[in-house]
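What follows is one structure encoded as structure tokens, with my remarks underneath.
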Amino acid sequence: MQNHTHYFKTDLTPDELLELIGENESCASKYLKHIAFYEGLEIEKKFLPYDPDLRPTRDTELQTDKAYFRAAKLRARRLRKALKLNDPVADDAWEFLNDGSKYGSSTAGLDVNVAPVHIAGYSGSGVKLIIIDDALDSEHDEIKPNMDLNLTDDVVNTTRRGPRGTDGRISETDK
Numbered sequence: 001m002q003n004h005t006h007y008f009k010t011d012l013t014p015d016e017l018l019e020l021i022g023e024n025e026s027c028a029s030k031y032l033k034h035i036a037f038y039e040g041l042e043i044e045k046k047f048l049p050y051d052p053d054l055r056p057t058r059d060t061e062l063q064t065d066k067a068y069f070r071a072a073k074l075r076a077r078r079l080r081k082a083l084k085l086n087d088p089v090a091d092d093a094w095e096f097l098n099d100g101s102k103y104g105s106s107t108a109g110l111d112v113n114v115a116p117v118h119i120a121g122y123s124g125s126g127v128k129l130i131i132i133d134d135a136l137d138s139e140h141d142e143i144k145p146n147m148d149l150n151l152t153d154d155v156v157n158t159t160r161r162g163p164r165g166t167d168g169r170i171s172e173t174d175k
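In UniProt numbering, the protein residues as written are 1 to 175.
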């Protein structure tokens, strides 16, 4: 039997769910190996205050002309200056601010458009995320101080070793 992980939302409390499973224990014990309960998170859509410099999104065909690429590079340069980034590799993160000049970023302007959000003062401070990833490097210098290991659970492989979960097949560190 293959291992599968399933997430579902229920209105039942953990006790009610366990009681329901208990009523069908012979069937449940055959298929259930582990149950983890996570408190529900309230999701609230945030809206930026009106800013005429932040244009509404719209579906458009991507441009291929030289004038478009020049404009995208100029926009990226202005946004990078406004962001005042202190990360030495920030320019390599084309998915956040794509001027079309980096490897893998051949289409200028095709990015997540997060720079205006940062400029507007939103940093994400206090936001908790759930990352479902079986190879998250929990020892990484930037991740480790921002990760709450009390909230972690490896529901797929409970025997993995090391922070990267490589089971020794590849290096556990970048060094």
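Heads up, the beta-carbon is just placed ideally off N, CA and C, and yes, glycines get one too.
Less than 7 Å separating the beta-carbons of Ala76 and Asp99? Yes.
Can you have a look at Asp137 and say buried or exposed, based on whether 16 or more other CB atoms are within 10 angstroms of its CB? Asp137 should be labelled buried.
Whether Ala108 touches Ala72 by CB criterion (7 Å): Result yes, Cβ atoms of Ala108 and Ala72 sit closer than 7 Å.
Start and end residues, alpha helix (DSSP H) containing Val117: 115-119 is the span of the alpha helix (DSSP H), which, as asked, contains Val117.
If I follow the unbroken alpha helix (DSSP H) through Ala76, where does it start and stop? First-last of the alpha helix (DSSP H) with Ala76: 66-83.
Three-state secondary structure (DSSP) of Lys144: In the displayed model, Lys144 falls within a helix according to three-state DSSP.
Suppose contacts are defined by Cβ-Cβ distances below 7 Å. Is Leu97 in contact with Leu74 by that definition? No.
Take Lys128 as the anchor and find which of Val112, Asp141, Asp148, Glu142 has the nearest alpha-carbon. If we check each option's Cα against that of Lys128, Asp148 comes out closest.
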